[in-house]
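Asker:
Residue numbers (our numbering): 11 to 484.
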């Protein structure tokens, strides 16, 4: 019975994800609020159906815990989805439902996959998600009601540098890098949270001025963040910080030369990192030819590719693959597990859902009148996009593995908490953008009137000039 269920559900998962992804793109171009409401209701139905299929399959096959444990976790996670999708829009009527639905869909896939891989880890992850989601309800209120966030520009800078320096000096070493701080029995990765205040710092600098002097000053301080991360050998985070800064400067200044300079600097820095750090050389070797080092450095990448190849287009089905053969599969390589048991088609649809999240981030940026808010949306969007590129790229051997987690799916306390905060900030700025619609429309009308008035004045001036010339000739 369980084998038949797995065969049926693996195709149902793909169909549900396909319908959900189509609805995502329909929501992006939908201008009618009534039709958009129908789209989001259908998406919510797909989310619940996807989760129910997943938890029933887990109930039929789980060996790490009792049946009661699966039922309790399933009931708690269903209640969570009901509260987030049903109650949050009541608390915030202007909430961006596209972001909310996508967040819940990605969390749902993460819930299912983690419960399949490691039931105890899935419980810990869910507790963190539930607590932080409830606490983050205040974030949209703070972002939408207060306009003083750009006043703390230098505080963001020095707090970020201080936390990263603390990790470098007294942090715990893991996988060749200094990543975490331990306070009492609690361990966390400051770099995950500093990403957010780093975006706020850069946005504050560029909102004040885009003069060359300000760009140089912001580049020096941003460079300090990156250098500390490089010294900590946390090169994945260093790359994300670097990309955030380069693209935010480009958006803030509209000057392509900063992009060119940024990528030139990245090329030089990559070469230097390869020469200086042995573990970078190891990862590059594993990326270039994992088969030649399959018993050592290439083991992780090779088994990731085995898992993806084993899954094929439609996947093996939940519990029919061997994702646990991939080291760190719950964190760095969860996309490999998704690809093996849900299939390559499902994996590509998952990437498209993440793409729609990024597009909504940028749409939210375009809705902002305040330059600071606009740059914050862009910076957080770039952070989200590059984290996905690095994780998925490492899993499919497109780029060397960087040890970065997949947002909302991978196991990891600091990662999931910081990602939920990012989504809450975007929700707050989306509410700000929604309230500014009348202001933007009024400004657009005034701009058109001003342009029309200037054109009329120019035409009148030309006519007067021609009349004077004619009269002078007479």
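Where a beta carbon is used, it is the ideal one built from N, C-alpha and C, also for glycine.
Cα separation between residue 199 and residue 33?
Answerer: When rounded, the distance between both Cα atoms is 35 Å.
Asker: Give, in chain order, every unbroken run of the alpha helix (DSSP H) that is at least 4 residues long and sits entirely within the region 246-301.
Answerer: Whole alpha helix (DSSP H) segments, 4+ residues: 266-286 and 288-298.
Asker: When you compare the CB positions of residue 104 and residue 440, do they come within less than 9 Å of one another, or not?
Answerer: Going by C-beta atoms, residue 104 is nearer than 9 Å to residue 440.
Asker: Under a Cβ-count criterion, where at least 16 other Cβ atoms within 10 Å of its own Cβ denotes burial, should residue 376 be classed as buried or exposed?
Answerer: So residue 376 ends up on the exposed side.
Asker: Whole angstroms are fine: how far does the CA of residue 89 sit from the CA of residue 418?
Answerer: Looking at the two C-alpha atoms, the distance is approximately 18 Å.
Asker: Can residue 485 and residue 66 be called in contact, C-beta distance under 9 Å?
Answerer: This structure cannot settle anything about residue 485, because the visible part of the chain is limited to 11 through 484.
Asker: Evaluate residue 379 with the Cβ neighbour count: other Cβ atoms within 10 Å of its Cβ, from every protein chain shown; 16 or more gives buried, anything less gives exposed.
Answerer: Per the 10 Å Cβ criterion, exposed.
Asker: Just mark residue 195 as buried or exposed, buried being the case when its beta carbon has 16 or more other beta carbons within 10 Å.
Answerer: It counts as exposed.
Asker: Any beta carbon from chain D within less than 9 Å of residue 178's own beta carbon?
Answerer: This model lacks chain D altogether, as it is built from one protein chain only.
Asker: Taking the CB atoms as reference points, tell me whether residue 489 and residue 326 lie closer together than 9 Å.
Answerer: The shown model of the chain, from 11 to 484, leaves out residue 489, and the question about it has no answer.
Asker: Taking the alpha-carbon of residue 36 as reference, which of 214, 370 and 442 has the nearest alpha-carbon?
Answerer: Ranking the options by Cα distance to residue 36, first place goes to 370.
Asker: Measuring CA to CA, which of 119, 254, 221 and 148 is closest to residue 265?
Answerer: Looking at the Cα atoms, 221 is the closest of the given residues.
Asker: Look up residue 193 in the DSSP assignment and give the residues it is bridged to.
Answerer: The partner list for residue 193 (beta bridge, DSSP) reads 196.
Asker: Could you please give the first and the last residue of the uninterrupted alpha helix (DSSP H) stretch that includes residue 167?
Answerer: First-last of the alpha helix (DSSP H) with residue 167: 163-180.
Asker: Which of the three DSSP states, helix, strand or coil, is assigned to residue 69?
Answerer: Of the three classes helix, strand and coil, the one that applies to residue 69 here is helix, per DSSP.
Asker: Could you tell me which residues DSSP puts in a beta bridge with residue 188?
Answerer: Paired residue(s): 183.
Asker: For a test of the three-state rule: what should DSSP assign to residue 341, helix, strand or coil?
Answerer: Of the three classes helix, strand and coil, the one that applies to residue 341 here is coil, per DSSP.
Asker: Going residue by residue through the region 102-132, where are the continuous alpha helix (DSSP H) segments of at least 4 residues, counting only ones entirely within it?
Answerer: With a minimum length of 4 residues, the continuous alpha helix (DSSP H) runs that stay inside the region 102-132 are 107-127.
Asker: For residue 216, which residues of its own chain have a beta-carbon under 6 Å away from its beta-carbon, when the five flanking residues on both sides are left out?
Answerer: Correct list, in chain order: 262 and 385.
Asker: Taking the C-alpha atoms as reference points, what is the distance between residue 64 and residue 166?
Answerer: C-alpha separation (whole angstroms): 41 Å.
Asker: Measure from the alpha carbon of residue 227 to the alpha carbon of each residue in 201, 293, 331 and 259, then state which is nearest.
Answerer: Residue 259 is the option with its Cα nearest to residue 227.
Asker: What is the C-beta distance between residue 296 and residue 282, in whole angstroms, given that I count them as a contact (C-beta under 8 Å)?
Answerer: Actually they are not in contact, since the Cβ atoms of residue 296 and residue 282 sit about 20 Å apart, beyond 8 Å.
Asker: At the level of alpha carbons, what is the spacing between residue 454 and residue 230?
Answerer: The predicted position of residue 454 is uncertain, since its pLDDT is 49 and thus under 50; a value taken from the coordinates is nonetheless stated next. If you take the alpha carbons of residue 454 and residue 230, they lie about 38 Å apart.
Asker: Looking at C-alpha atoms only, which residue of 146, 388 and 373 is the closest neighbour of residue 444?
Answerer: Nearest option by C-alpha distance: 373.
Asker: Under a three-way DSSP split, which group does residue 454 fall into?
Answerer: The predicted position of residue 454 is uncertain, since its pLDDT is 49 and thus under 50; a value taken from the coordinates is nonetheless stated next. In this structure, residue 454 counts as helix in the three-state DSSP scheme.
Asker: How long is the line joining the alpha carbons of residue 2 and residue 300, rounded to whole angstroms?
Answerer: Outside the displayed span of the chain (11 to 484) sits residue 2, for which this structure offers no information.
Asker: Answer yes or no: do residue 256 and residue 287 have a C-beta to C-beta separation smaller than 9 Å?
Answerer: Cβ distance not < 9 Å, so residue 256 and residue 287 don't count as in contact.
Asker: Measure the Cβ-Cβ separation of residue 402 and residue 345 and say whether it is below 9 Å.
Answerer: Closer than 9 Å, so yes.
Asker: Taking the C-alpha atoms as reference points, what is the distance between residue 387 and residue 73?
Answerer: Approximately 43 Å between the Cα atoms of the pair.
Asker: Helix, strand or coil for residue 201, going by three-state DSSP, please let me know.
Answerer: Helix at residue 201.
Asker: Using alpha carbons as the reference points, say which of 431, 437, 420 and 436 lies closest to residue 116.
Answerer: The shortest Cα separation from residue 116 among 431, 437, 420 and 436 belongs to 420.
Asker: Whose CA, out of 333, 337 and 358, lies closest to the CA of residue 350?
Answerer: The shortest Cα separation from residue 350 among 333, 337 and 358 belongs to 333.
Asker: When the distance is taken between beta carbons, is residue 94 closer than 9 Å to residue 110?
Answerer: Contact flag set, yes.
Asker: By the 10 Å Cβ neighbour count, where 16 or more other Cβ atoms means buried, how is residue 101 classified, buried or exposed?
Answerer: When all chains shown are included, residue 101 counts as exposed.
Asker: Using alpha carbons as the reference points, say which of 243, 241 and 171 lies closest to residue 211.
Answerer: Considering only alpha carbons, the answer is 171.
Asker: Could you check what DSSP says for residue 336 in three-state terms: helix, strand or coil?
Answerer: Coil at residue 336, not helix or strand.
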